[in-house]
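So the sequence shown is numbered by this note's numbering: it starts at 224 and just counts up by one.
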Amino acid sequence: ITEASLENQRSVVMNERRQRVDNQPYGRASERLHELLYPADHPYHWPVIGYMEDIAAATLEEVRAFFRTYYTPNNAVLTVGGDFDPDRALLRIEDYFGDIPAGPPVGKVQPPLAPLGGERAEVLTDDVRLPRVYLGFRAPAYGEPLWYAADLLASALSAGKSSLLYRDLVYDRQMAQDIGAYVDPSEAVGTFSVIATARPGVAPEALTAAILEHLDRIATEPLAESDLERARNKVLTDYYGALQKLDTRVDLFSQFATYFDDPGGLEREVERYSTLGSREVLDYAAAYFAPDERARVTVVPRSAA
């Protein structure tokens, strides 16, 4: 890594941030949601791409130290997929990579995380036509049983036109232009997000209140069995569909090896979802959807601010 290559990539990354975040409609909202949901001493407070001042300030020695620490064989997973001779492939891998020395041990990061202790809310202005609401809640780390309950709940809330939030807020009451819920598969702690764009003439406060009505009810009442089964079928159908693609299957082997040192773990994903019931979904919602444990970002058109 030379000074010239660093400067070249610095420009590339700065331009990428401009395109994906700074000049993108609603581009800062998800970043701000994480900044509110996690304290400054937690890694998930910070965007992976960094802020402009961070990208500008990176030195050649810092970049070299990062590569020496993390881009090493003992911190890497290599997955080969397709129709090939395994013995020959191993020889080629040894030929290409075998003489690269190991780096320093890289341990698991387990940052402390205190309760939020009160709702965090902020309004952002942007060059957009319609207001958008972002709600964020913490969730268990990926791989824990209640993470799968959170993922199943996200599907029940917004996957397809029969889902709870879509059916009520997009189709019946026509308060939202679109709506989605998902949980990040993150190693230290998950983030459960609900994002909804208001229809013209609908106040973002009213849309937020309508979403929270659903979440409050889900935290106190079990999901209907029909909603749970529909969500489970959608999750498993998507999962089986993904396994039909070689590149996705290879990525999943790599993911399970990286997170759990268990590439074969993807075979147990179906069982994790199949054994979940409304009790586990209720347990997740009751534990994590408390009013004083959420973050909220509302994006409003600059012309209306």
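Glycine is no exception: its CB is placed at the ideal position from the N, C-alpha and C atoms.
Between residue 360 and residue 517, the C-beta gap is smaller than 8 Å, which places the two residues in contact. Residue 244 is positioned such that its CB atom lies no closer than 8 Å to that of residue 255.
In this model, residue 481 and residue 299 are separated by some 8 Å (Cα to Cα). Every unbroken stretch of the beta strand (DSSP E) spanning 3 or more residues and falling wholly within the segment 371 to 440 is given here in chain order: 399 to 406, 413 to 421. Within the segment 306 to 350, complete beta strand (DSSP E) segments of at least 3 residues are found at 343 to 349, given in chain order.
One Cα belongs to residue 459, the other to residue 493, and the distance between them is close to 7 Å.
With at least 16 other beta carbons inside 10 angstroms of its own, residue 261 counts as buried.
For residue 521, the enclosing beta strand (DSSP E) covers residues 517 to 524.
Non-local beta-carbon contacts of residue 445 in its own chain, meaning distances under 8 Å to residues more than five positions away in sequence, involve 501, 502, 504, 505 in chain order. Ranked by Cα distance from residue 430, the options 313, 419, 370 are led by 419. The three-state reading of DSSP puts residue 465 in helix, counting H, G and I together.
Inter-segment contact for the segment 468 to 484 and the segment 339 to 358 is absent: fewer than three beta-carbon pairs are separated by less than 8 Å. Nearest C-alpha to residue 486 among 474, 497, 377: 474. Taking the Cα positions, residue 323 is about 11 Å away from residue 291. Taken through DSSP and simplified to helix, strand or coil, residue 500 comes out as coil. Ranked by Cα distance from residue 296, the options 434, 274, 328 are led by 328.
In the assembly as shown, residue 414 is a buried residue. Its beta-carbon has 16 or more other beta-carbons within 10 Å. Where residue 489 is concerned, there is no enclosing beta strand (DSSP E), because DSSP gives it neither an H nor an E. The C-beta distance from residue 457 to residue 403 rounds to 13 Å, too long to fall under 8 Å, and the pair is not in contact.
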